[in-house]
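Here is the structure we will look at.
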Amino acid sequence: MLLNRTIRWQGIGDTGTLEHCHVIANGRDTRIRGTIITPSYGLFYRLKLDDDGHVRTVKIERTDGKVLELFSDGAGGWSDDRAEPLAYLRGCIDIDLWPTPLTNSLPIWRTGWSDGQPQRFAMAWIDGDAMSVQRQEQIYTRIDATRFRYQGPDNFERVLEVDPDGIVTTYPGLFQQVG
1 MLLNRTIRWQ
11 GIGDTGTLEH
21 CHVIANGRDT
31 RIRGTIITPS
41 YGLFYRLKLD
51 DDGHVRTVKI
61 ERTDGKVLEL
71 FSDGAGGWSD
81 DRAEPLAYLR
91 GCIDIDLWPT
101 PLTNSLPIWR
111 TGWSDGQPQR
121 FAMAWIDGDA
131 MSVQRQEQIY
141 TRIDATRFRY
151 QGPDNFERVL
161 EVDPDGIVTT
171 YPGLFQQVG
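Going by UniProt numbering, the residue at position 121 of the sequence shown is 121; the numbering climbs one at a time, nothing skipped.
What follows is the structure, given as structure tokens:
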């Protein structure tokens, strides 16, 4: 994947966020940097993916000084910033960071898709509000070239709209791309 793009999203309704993100994919790796303004805090994030689209490093910093840093071997093994293994994340290749729709693009980018065929992913789900991480099972189903059905815990479901680069443009009820 080759990409050098800036994206912006506006949170819808109670989400109340504004995000600015830049993605650079050069065929060797992908580097993503983003800033999110929420009603309660600001959040900076940096992600590095390897050439297969597997998350390798995650760094999240909030304006209140809280920091979360994670490292992956690209094969589902994770550790924290003290090199302590995080066994509960074993098998997770992607992350899903709240509050950004950008990380919903990670499994879309690295997976071969057929319309109507659901694919299950073990995600390292990061809650930016609590600055915590947990394992979460998610299902994505490609409906067509511009829409994916996302299914998460507690029967949460949305049809995400994506652009030709696989970047979420519309996440109904939560986020809308604005630039």
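No residue lacks a Cβ here, since even glycine has one placed at the ideal position from N, Cα and C.
How should residue i be labelled, buried or exposed, when 16 other C-beta atoms within 10 angstroms of its C-beta is the threshold for buried?
{"i": "glutamine 138", "result": "buried"}
{"i": "alanine 124", "result": "buried"}
Pick out whichever of the options has its Cα sitting closest to the Cα of residue i.
{"i": "histidine 22", "options": "Met131, Ile36, Gln176", "result": "Ile36"}
{"i": "glutamate 157", "options": "Pro172, Thr100, Asp144, Ile167", "result": "Pro172"}
{"i": "glycine 116", "options": "Asp81, Tyr150, Ser79, Ser72", "result": "Tyr150"}
{"i": "valine 162", "options": "Asn104, Tyr41, Gly11, Ala75", "result": "Asn104"}
{"i": "glycine 128", "options": "Met1, Thr15, Leu2", "result": "Thr15"}
{"i": "aspartate 80", "options": "Val133, Asp94, Gly179", "result": "Val133"}
Taking 6 Å as the limit between beta carbons, can you name the residues of its chain near residue i, skipping five residues before and five after?
{"i": "arginine 46", "result": "Arg33, Lys59"}
{"i": "asparagine 4", "result": "Ile24"}
Could you check whether residue j and residue i sit closer than 8 Å to each other, using their CB atoms as the reference points?
{"i": "residue 181", "j": "isoleucine 7", "result": "Residue 181 is absent from the model: the chain starts at 1 and stops at 179."}
{"i": "proline 99", "j": "threonine 38", "result": "yes"}
{"i": "threonine 30", "j": "leucine 49", "result": "yes"}
{"i": "glycine 76", "j": "arginine 56", "result": "no"}
Excluding the 5 residues preceding and the 5 following residue i in the sequence, name in chain order all residues of the same chain whose CB lies nearer than 7 Å to its CB.
{"i": "alanine 122", "result": "Gly91, Cys92, Arg135, Glu137"}
Given residue i, which residues of its chain have a CB within under 8 Å of its CB, disregarding the five upstream and five downstream residues?
{"i": "threonine 169", "result": "Glu161, Val162, Asp163, Gln176, Gln177"}
For this session: At 4 residues or longer, and completely inside the stretch 116-151: list those alpha helix (DSSP H) runs for me, N to C.
Result: DSSP runs (the alpha helix (DSSP H)) wholly in the stretch 116-151: none.
Exercise. What are the start and end residues of each continuous alpha helix (DSSP H) run of 4 or more residues lying completely inside the stretch 76-108, in chain order?
Worked result: Correct list: empty.
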